[in-house]
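Quick notes on the structure that follows.
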Amino acid sequence: MKITLVAIGKTNENYIAEGFDNYAKRINRYCRFDFKILPELKNTKSMPIELQLQKEGDMLLTEMENHQECILLDEHGKLYTSVELAGFIEKRMISGQRDLAFVIGGPYGFDQRVKAACHGKLSVSPMTFSHQLIRLLFAEQLYRALTIIKGEPYHNP
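Offset between the sequence shown (1-based) and the numbering used here: plus 30.
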């Protein structure tokens, strides 16, 4: 199965990019992992938030069409333990699903059209994190889930 993480904008902080790259390499040992970066909007200081969400939504909706299942990483999504996330992913692997995408929105979240088009929402935490930091946190949890599926000792219950 191929798992894709879709996000808007490049990572500005080196420590986040380095940590993410470390986990991305680890994840690729278990399944094909792609990271798709959509371009950040330009000249947004005077742009209303609603318009920013709409423009980001247009890009996300186009990208979402390329994936069999899209799960939004959203603070209002379903909370999973690491073991439950592993079960969520393993169920799709066992069923023969070929593609699964997780989507991170921009700094203001998701346009309503994106929320309506997704297959589900997952919360990494009830706390709010920057849309850049969530990349690293999710990559670590994805790696942890894959080691749980394989019965490897990375996860200590």
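Positions of the beta carbon are idealized from the N, C-alpha and C atoms, including for glycine.
For residue j and residue i, believed in contact at Cβ under 8 Å, the rounded distance
i: I164; j: E86; result: About 15 Å; that fails the 8 Å criterion.
i: Q82; j: T74; result: 6 Å
Option nearest residue i by Cα separation, candidates the options
i: V144; options: D51, I101 and E48; result: I101
i: H106; options: I33, L35, F159 and K72; result: F159
i: G49; options: N42, L166, P183 and K151; result: L166
i: M31; options: V154, E120, K72 and A47; result: E120
i: N42; options: I67, D104, D88 and E93; result: I67
i: P78; options: V154, N186, Q127 and D141; result: D141
i: L71; options: L35, E80, N44 and L103; result: E80
i: N186; options: F65, Y138 and V113; result: V113
i: L91; options: A147, K75, K55 and D64; result: A147
i: I33; options: D64, K40 and T111; result: D64
For residue i, the three-state DSSP class (helix, strand or coil)
i: K72; result: coil
i: S153; result: strand
i: E105; result: strand
i: G87; result: helix
i: D141; result: coil
i: G49; result: helix
i: F65; result: strand
i: G39; result: coil
i: F159; result: coil
i: G136; result: strand
i: T92; result: helix
Contacts around residue i, its chain only, beta-carbon distance under 6 Å, and the 5 residues preceding and following it disregarded
i: Y53; result: A169, E170 and Y173
i: H97; result: D129 and A131
i: L109; result: S153
i: V133; result: V36, C100 and L102
i: M89; result: L68
Residue environment, residue i, which counts as buried when at least 16 other CB atoms sit within 10 Å
i: Y60; result: buried
i: I124; result: exposed
i: L115; result: buried
i: G181; result: exposed
i: G136; result: buried
Contacting residues, own chain, Cβ-Cβ under 7 Å from residue i (five flanking each side not counted)
i: H149; result: E99, C100 and I101
i: Y184; result: R174 and T177
i: R56; result: Y173
i: E93; result: V36, K66 and L68
Same chain only: Cβ atoms within 8 Å of residue i, ignoring 5 sequence neighbours per side
i: P156; result: E105 and L109
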